[in-house]
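Scroll down for the structure; my scribbles are underneath it.
Residue numbers (this note's numbering), protein chains in the order written: chain A, 1 to 354; chain B, 1 to 209.
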């Protein structure tokens, strides 16, 4: 010990004063920093980061795996739960309501209006309306459509209505047959859509008199006659609906049918959502078409069964076509709706009936 | 009644794929079907982690909700199993499952889906326990023999845990207490992990965990 206690004391004070001066000087321009709180050691929760990545909350994390296949590197796909909720909560119930509602509407219309008779009764004279090819095309489509609708609806509603009645084993047999049948015959609908588009597409192009037909409601309300060509506007709307819905339902069905082209689950979920909604709308629309073609209008069905219609039916429902068909009857049996010919206003026929 | 669960400890999985191989061998699954797979995220980057994933036997299983023939059922042990005699191979369960567990052999016409196959927690299926039919359709029924799923039983690092949820979570909780939730460089390392040790726990719990 060479230093005296007083000297040591003095130097200690000097250090303290210097330190306080430095502290005071630094605290003048800014607020003094708050004393560090006795906080726990800050450790980010690594599990949170891991599971955030697994759930792909921030960005898609591409995992790598030895197992080959589509999306095997995805640990958790989020849209699965959305698909489940959509199917159970948002689709099956409303689909039933849409179909039931459409059936009720058709029934109500039948009770309110009854069968619409051929204007002025049957004349006994027949006009050729649909040649063999058209009728084969129509019934091919119709039978296929009804088959696909029944098998599809069994798969959609069977678990809730059929399974509790006949038991799981029997229902499994039916459902399996429905699935196989639906898958095997479903793709044939492509030929229906293409065939109809080629065969009837040009005759379903919109025309000025169609607007008048729509504005008058197709003559559904009241007894006013509305003029129409080979196909009226209602038939044209149904035709283009069939083409559009048919193409969509076929395309989405093909996506689901062949799961071997590497399509992701999200694509197939979307395809199934589209397939279901479009199919339900298609079936609901078909109720109206079937009703009008059979019970709703006297003399309509025979155009698709025999290929001929009564002349008064043609006169009453498709006067422009009738005029043209009877004019051209001598030269050719089947009439075509040439738009250039149908410029005449529906004169005499409408006046007579009102 | 137990509530059987899998848990994969991402800090321990070394992506050896032994669970995948063990599962394929034990259950003799159809060609092209993997009931279990190991997925590595951030492969080759800092923070790389691997997880072994199969059917997680959800308590509220989406597959069962969307199945059009209602072929799924939950056992008393909380396992989600399905009846292959009822399954029609539509694929909806695959769309709904978050984990990609349902698998389909390409046994249908034009390589379309056959009957769905997925992890059974080595608990067989609805066929008679121990029968040849059960083994052919669903694979091994180790649970009936008092054994746990082979994937977890033979996991070399004991990353993959299988068993009653309470037991599994106890084991995992012990591990977390000892080492922290992470041992590597995802924000924590061994130095920091040592700071997290609880009072009086040092050198004691590690022998149990």
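Note that CB positions come from ideal geometry on N, CA and C, so glycine has one too.
Go ahead and label residue 33 of chain B buried or exposed: buried means 16 or more other beta carbons lie within 10 angstroms of its beta carbon, across all protein chains shown. buried
So, does the CB of residue 106 of chain B fall closer than 8 Å to a CB anywhere in chain A? yes
Beta-carbon contacts of residue 192 of chain A that lie in its chain and below 7 Å, excluding the five residues immediately before and after: 140, 141, 144 and 246
When the distance is taken between beta carbons, is residue 279 of chain A closer than 8 Å to residue 242 of chain A? no
Near residue 75 of chain A, which residues of its chain fall below 7 Å by C-beta distance, leaving aside the five closest residues on each side in sequence? 54 and 63
Give every residue of the same chain whose Cβ lies closer than 7 Å to the Cβ of residue 188 of chain A, excluding the five residues on either side of it in the sequence, and list them in chain order. 144
Taking C-beta pairs closer than 9 Å, name the residues in chain A that residue 52 of chain B reaches, listed in chain order. None at all; the shortest Cβ gap to chain A is about 10 Å.
Assign residue 112 of chain A to one of two classes, buried (16 or more other C-beta atoms within 10 Å of its C-beta) or exposed (fewer than that). exposed
Using a Cβ-Cβ distance under 8 Å, would residue 280 of chain A count as near chain B? no
Taking Cβ-Cβ distances shorter than 7 Å, what residues in chain B pair up with residue 67 of chain A? 20, 34 and 37
For residue 344 of chain A, does the three-state DSSP call read helix, strand or coil? Since pLDDT at residue 344 of chain A reaches only 37, below the 50 mark, its modelled position is unreliable, and no value is offered.
Name the chain B residues whose beta carbon is nearer than 8 Å to that of residue 357 of chain A? A question about residue 357 of chain A goes unanswered here, because the residues of chain A that appear run from 1 up to 354.
Using the DSSP secondary-structure output, state which residues sit across from residue 37 of chain B in a beta bridge. B:53
Between residue 72 of chain B and residue 82 of chain B, which are expected to be in contact by the criterion C-beta below 8 Å, what is the C-beta distance as a whole number of angstroms? 5 Å
If we count Cβ pairs, one from each stretch, closer than 8 Å, do we get three or more for the region 210-218 of chain A versus the region 113-133 of chain B? no
Output, in chain order, the set of chain A residues within a Cβ distance shorter than 7 Å of residue 49 of chain B. 50
Quick one: is residue 60 of chain A buried, meaning 16 or more other Cβ sit within 10 Å of its Cβ, or exposed? exposed
Taking buried to mean at least 16 other C-beta atoms within 10 Å of its own C-beta, is residue 65 of chain A buried or exposed? buried
With 16 other CB atoms within 10 Å as the buried threshold, where does residue 25 of chain B fall? exposed
How about residue 143 of chain B and residue 152 of chain B: are their beta carbons less than 8 Å apart? no
Which one of A:307, A:272 and A:207 has the shortest CA to CA distance from residue 92 of chain B? A:272
With DSSP run on the structure shown, which of helix, strand or coil describes residue 331 of chain A? For residue 331 of chain A, the predicted model reports a pLDDT of 46, less than 50, meaning its position is unreliable; a value from the coordinates is still stated below. If DSSP states are grouped into helix, strand and coil, residue 331 of chain A belongs with coil.
Under 7 Å between beta-carbons, which chain A residues line up against residue 10 of chain B? List them in chain order, please. 50
Validate contact between the region 204-213 of chain A and the region 256-274 of chain A using beta carbons, cut 8 Å, 3 pairs: no
Where residue 86 of chain B meets chain A, residues with beta-carbon distance less than 9 Å: 168, 169, 171, 172, 175 and 176
For the alpha helix (DSSP H) that residue 173 of chain A lies in, which residues bound it at each end? 168-185
Rounded C-alpha distance that separates residue 323 of chain A from residue 102 of chain A: 35 Å
Below 7 Å CB to CB, which residues in the same chain sit around residue 101 of chain B once its five sequence neighbours on both sides are set aside? 54, 55, 118 and 119
My output table needs one value for residue 163 of chain B: the three-state DSSP class, helix, strand or coil. strand
If you measure between the beta carbons of residue 150 of chain B and residue 121 of chain B, is that distance less than 8 Å? no
Write down the C-beta distance between residue 46 of chain B and residue 96 of chain B rounded to the nearest angstrom, noting that I regard them as a contact closer than 8 Å. Wrong, their Cβ atoms sit about 34 Å apart, outside the cutoff.
Outcome for residue 110 of chain A when other beta-carbon atoms lying within 10 angstroms are tallied against a minimum of 16: exposed
Below 8 Å on the Cβ atoms is my contact criterion, and I expect residue 171 of chain B with residue 172 of chain A to pass it. Report the Cβ-Cβ distance as a whole number of Å. Contact flag wrong, Cβ pair sits at about 40 Å.
Taking only runs of the alpha helix (DSSP H) that begin and end inside the region 220-297 of chain A, which ones reach a length of at least 4 residues, in chain order? 233-257 and 265-291
Chain B residues whose Cβ lies nearer than 8 Å to that of residue 119 of chain A: The premise fails here: residue 119 of chain A is roughly 48 Å from chain B at the closest Cβ pair, so nothing lies under 8 Å.
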